[in-house]
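Before any comments, here is the structure.
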Amino acid sequence: MNSLVSVENVYKTYHQGHVEVPALRGVSMDVAKGEFMALAGPNGSGKSTLLNLIGGLDSIDKGSIHIDGVEMTQLNETQKTKIRLNKVGFVFQAYNLIPVLSALENVEYVMLLQGVSAQERKARATEMLNQVGLEGLYHRRPSELSGGQQQRVAVARAIATQSEIILADEPTANLDSETASMLLDNMKQLNESLGLTFIFSTHDFHVMEYAHRIVYLHDGQIEKDEEK
Numbered sequence: 293m294n295s296l297v298s299v300e301n302v303y304k305t306y307h308q309g310h311v312e313v314p315a316l317r318g319v320s321m322d323v324a325k326g327e328f329m330a331l332a333g334p335n336g337s338g339k340s341t342l343l344n345l346i347g348g349l350d351s352i353d354k355g356s357i358h359i360d361g362v363e364m365t366q367l368n369e370t371q372k373t374k375i376r377l378n379k380v381g382f383v384f385q386a387y388n389l390i391p392v393l394s395a396l397e398n399v400e401y402v403m404l405l406q407g408v409s410a411q412e413r414k415a416r417a418t419e420m421l422n423q424v425g426l427e428g429l430y431h432r433r434p435s436e437l438s439g440g441q442q443q444r445v446a447v448a449r450a451i452a453t454q455s456e457i458i459l460a461d462e463p464t465a466n467l468d469s470e471t472a473s474m475l476l477d478n479m480k481q482l483n484e485s486l487g488l489t490f491i492f493s494t495h496d497f498h499v500m501e502y503a504h505r506i507v508y509l510h511d512g513q514i515e516k517d518e519e520k
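Start counting the sequence shown at 293; every next residue gets the next number (this note's numbering).
Here is the structure:
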C-alpha cells in the first residue's frame, strides 16, 4: 500500500503526578491516500491521542510517524508547524473558531498564515462554505451560528487550506443525529470529489457507518482493523 500516513510501533505515556498512564502501547497502522476511516473505541482507548500524534500536536515516546514520507519525530516545532499548515487540516470537537471573526474570516485565517493572497482567500473560503451548505451565512460570527453550522465552518476551514489529510476529533459529539448526518454527508462528498483523506476519532456508531475502514482501539492497542 502507498501510505500517506504511516504509524510504526508508537508508544505514548502521560504522567499524572507520580502515576504513569499509558495511552498508546505499540500501535502500528498505515493510511492510504483517499481513505475515509475511523479510529474507534471507548474513552481512554487512545484514539484522540493517536490523532494528535499524527497531527504533530503532541510528541511520541517511542516509534515513528511518517506523513507523506516525512518522519514527524525528526522535525523541530517550526518544521512541524509547516507540515500542519500545509498538509494537515484539523476539525476539533470544540470547533476552535475565533469568536470575533465571521464564518468567512475564520475560514480565511489559516490561508492568511499560508500567505495566500486576499482575493484567492476570499474566493476559496466562499467556495468551501458553499461546499458545506453555508451559503449566505458568510458574515455571521460563531455566536450567531448553531453548533452544526459552527462545525461545518470548521470543516470548511480545514479543507480550504488544500490539506491532503483532515483529522477530525469526535466531530459529531455535540450534534443531533440529523445535523451529524448532514455534516458526514458533506465530508464524504469532499472525500470523493477532492480525494481528501479523512481520519476520525469517534465512539459514535453513526460515524462508523460512514467509514470505509474502522480501526478499533482498546487500552492503547489496536484490537481490530476492519475494512468494509
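Positions of the beta carbon are idealized from the N, C-alpha and C atoms, including for glycine.
**Item:** Local conformation of Tyr387 per DSSP, three classes
**Value:** Taking the sequence shown and counting its residues from 1, one reaches residue 387 at position 95. In the three-state reduction of the DSSP assignment, Tyr387 falls in the coil class.
**Prompt:** Is it true that the stretch 488–504 meets the stretch 328–342, where meeting means three or more beta-carbon pairs spaced less than 8 Å apart?
**Reply:** By the Cβ criterion, the stretch 488–504 is in contact with the stretch 328–342, since at least three pairs of Cβ atoms, one from each stretch, lie closer than 8 Å.
**Request:** Return the chain-ordered list of same chain residues with a C-beta closer than 7 Å to the C-beta of Gly347, the five sequence neighbours on each side being excluded.
**Result:** Taking the first residue of the sequence shown as 1, we reach residue 347 at position 55. Excluding the 5 residues flanking it on each side, Gly347 has same chain C-beta neighbours closer than 7 Å at Arg376, Val380, Phe382, Leu459, in chain order.
**Message:** Between which residues of its own chain and Pro314 is the CB-CB distance below 6 Å, once the five residues before and five after are set aside?
**Reply:** One-based indexing of the sequence shown puts residue 314 at position 22. Thr305, Gly512.
**Request:** Report yes or no: do the stretch 470–480 and the stretch 355–365 share at least 3 C-beta pairs separated by less than 8 Å?
**Result:** Not touching, per the Cβ criterion.
**Request:** Express the C-alpha separation of Val297 and Leu316 in angstroms, rounding to a whole number.
**Result:** The sequence position of residue 316 within the sequence shown is 24, counting from 1. The sequence position of residue 297 within the sequence shown is 5, counting from 1. About 17 Å.
**Prompt:** Do Met479 and Val445 come within 9 Å of each other at the CB atom, strictly closer than that value?
**Reply:** Within the sequence shown, residue 445 is the residue found at index 153, counting from 1. Within the sequence shown, residue 479 is the residue found at index 187, counting from 1. One thing to note: Val445 has its Cβ no nearer than 9 Å to the Cβ of Met479.
**Request:** Taking all protein chains shown into account, decide if Pro434 is buried (16 or more other Cβ within 10 angstroms of its Cβ) or exposed.
**Result:** For the purposes of this step, residue 434 is taken as residue 142 along the sequence shown, with counting starting at 1. By the neighbour-count rule (16 or more Cβ atoms within 10 Å), Pro434 is buried.
**Asked** If you draw a straight line from the alpha carbon of Val323 to that of Ile506, how long is it in whole angstroms?
**Response** Here residue 323 is taken as the residue at index 31 of the sequence shown, counted from 1. Here residue 506 is taken as the residue at index 214 of the sequence shown, counted from 1. One alpha carbon belongs to Val323, the other to Ile506, and they sit about 11 Å apart.
**Proximity winner among Ile352, Ser295, Lys339, relative to Glu515 (alpha-carbon distances)** = Locating residue 515 in the sequence shown gives position 223, counting from the first residue. Comparing Cα positions, the closest option is Lys339.
**Item:** Nearest-angstrom beta carbon gap, Arg432 and Ala395 [assumed within contact, 8 Å]
**Value:** Your numbering for residue 395 matches position 103 in the sequence shown. Your numbering for residue 432 matches position 140 in the sequence shown. Here Ala395 really is in contact with Arg432; their C-beta atoms are around 6 Å apart, less than 8 Å.
**Message:** Between Leu349, Glu363, Arg449, which has its C-alpha nearest Ser295's C-alpha?
**Reply:** Locating residue 295 in the sequence shown gives position 3, counting from the first residue. Closest option to Ser295, Cα to Cα, is Glu363.
**Request:** Using three-state DSSP, classify Pro523 as helix, strand or coil.
**Result:** The shown model of the chain, from 293 to 520, leaves out residue 523, and the question about it has no answer.
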